[in-house]
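Let me begin by presenting the structure, written as C-alpha cells, before commenting on it.
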Amino acid sequence: CMGLPRFQVLKGETERLEDRINLLRNSPAMIVWYLFDEPYNSKLPFAPIQASADLLKKLDTQHPTVLVECLLHETQAYHSKHLEYVSMPDILMTDSYPRTPSNSDLSPVAREIAVARKLTKDQKPIWNVIQVHGKGPGGTGYNLQEPDESELRNMVYQSLASGVKGLTFWAYEAGEFKLYKTPAGLKNVKRITGEVQTLSPILLSDEL
1 CMGLPRFQVL
11 KGETERLEDR
21 INLLRNSPAM
31 IVWYLFDEPY
41 NSKLPFAPIQ
51 ASADLLKKLD
61 TQHPTVLVEC
71 LLHETQAYHS
81 KHLEYVSMPD
91 ILMTDSYPRT
101 PSNSDLSPVA
111 REIAVARKLT
121 KDQKPIWNVI
131 QVHGKGPGGT
141 GYNLQEPDES
151 ELRNMVYQSL
161 ASGVKGLTFW
171 AYEAGEFKLY
181 KTPAGLKNVK
191 RITGEVQTLS
201 PILLSDEL
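Heads up: the sequence shown begins at 1 in the numbering used here, then just goes up one per residue.
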C-alpha cells in the first residue's frame with residue numbers, strides 16, 4: 001500500500017498530491033493507494049479525503065483505493081447511518097486487534113468483517129488487517145498482547161473464512177514502524193503468509 005501525506009490531504013494541497021501520484025503510479029511495486037487510517041475514529045473531515053480519492057481516480061485508473069475503518073462497538077451505528085467513508089474506497093479494510101493481556105477472545109475479527117460486508121452489501125472487496133503487535137517480544141503498542149503463532153493463524157483463517165479478499169499485517173511499537181523484534185515472531189508471519197500463498201489459486205478463484 002502506498003499512502004498520500006496526510007497533512008497534504010487534509011490541507012488540500014492538490015499540486016503536491018498530484019506530484020506524488022504521478023511519481024509513484026507507475027511503480028511496479030504499487031498495489032493499492034491507501035487513502036487514510038480510521039478517519040472517523042480520528043474525527044477527521046470527510047471532504048478532503050474524498051477529494052484525494054477523486055484525484056487518485058482521475059490520475060491513476062490502474063490501482064484501486066483502500067481505506068481502513070474500525071467497525072466495532074459504537075462505530076457500527078454511525079457507519080450504518082453515514083456511509084460516506086464506507087462508500088469512498090474501492091476496497092474497505094477492517095482492523096480488529098482483539099488480543100490483549102487479559103483477553104484471548106479472537107472472535108471480534110470475524111464479527112468486524114461481517115459488519116463490513118453488511119455495510120457494503122457485499123458490493124466491494126473487504127481486506128483485513130491482522131494484529132501482530134502488543135506486549136511481549138513484539139513491543140508494547142496500544143497495551144495489547146502480541147499474538148503467538150496459533151493466535152496469528154487463527155485470525156488469518158478467521159478472515160479468510162469470513163470472505164476477505166486480502167490480508168495485511170500491522171505492527172506498532174511506541175511510534176516505530178517495525179515488524180517483530182524477535183526472529184521467532186517474524187518467522188511466524190512468514191510461515192503463515194506462505195501457507196496462504198499456497199492456497200491463493202483456490203482463495204482467488206471466481207468459482208467460489
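All residues carry an ideal CB built from backbone N, CA and C; glycine is no exception.
Straight-line gap, residue i to residue j (C-alpha atoms, nearest Å)
| i | j | result |
| --- | --- | --- |
| residue 31 | residue 57 | 14 Å |
| residue 163 | residue 110 | 9 Å |
| residue 189 | residue 87 | 31 Å |
| residue 64 | residue 105 | 33 Å |
| residue 33 | residue 2 | 5 Å |
| residue 132 | residue 99 | 9 Å |
| residue 138 | residue 147 | Because the pLDDT at residue 138 is just 48, under 50, the model does not fix this residue reliably, and the value given afterwards should be weighed accordingly. Taking the straight line from one Cα to the other gives about 9 Å. |
| residue 157 | residue 83 | 28 Å |
| residue 24 | residue 4 | 10 Å |
| residue 149 | residue 155 | 10 Å |
| residue 121 | residue 92 | 12 Å |
| residue 85 | residue 114 | 17 Å |
| residue 191 | residue 15 | 42 Å |
| residue 130 | residue 206 | 24 Å |
| residue 184 | residue 194 | 15 Å |
Residue range of the beta strand (DSSP E) that includes residue i
| i | result |
| --- | --- |
| residue 92 | 91–94 |
Alpha helix (DSSP H) segment containing residue i, residue limits
| i | result |
| --- | --- |
| residue 109 | 108–120 |
| residue 49 | 46–59 |
| residue 21 | 14–24 |
| residue 35 | Not the alpha helix (DSSP H): residue 35 falls in the beta strand (DSSP E), residues 33–37. |
| residue 154 | 149–161 |
Residue j beta carbon less than 8 Å from that of residue i
| i | j | result |
| --- | --- | --- |
| residue 55 | residue 36 | no |
| residue 119 | residue 73 | no |
| residue 116 | residue 71 | yes |
| residue 166 | residue 108 | no |
| residue 145 | residue 89 | no |
| residue 41 | residue 94 | no |
| residue 18 | residue 44 | no |
| residue 12 | residue 51 | yes |
| residue 203 | residue 152 | no |
| residue 61 | residue 127 | no |
Bridge-paired residues (DSSP) for residue i
| i | result |
| --- | --- |
| residue 7 | Per DSSP, none; premise fails for residue 7. |
| residue 62 | Residue 62 pairs with nothing; no bridge assigned. |
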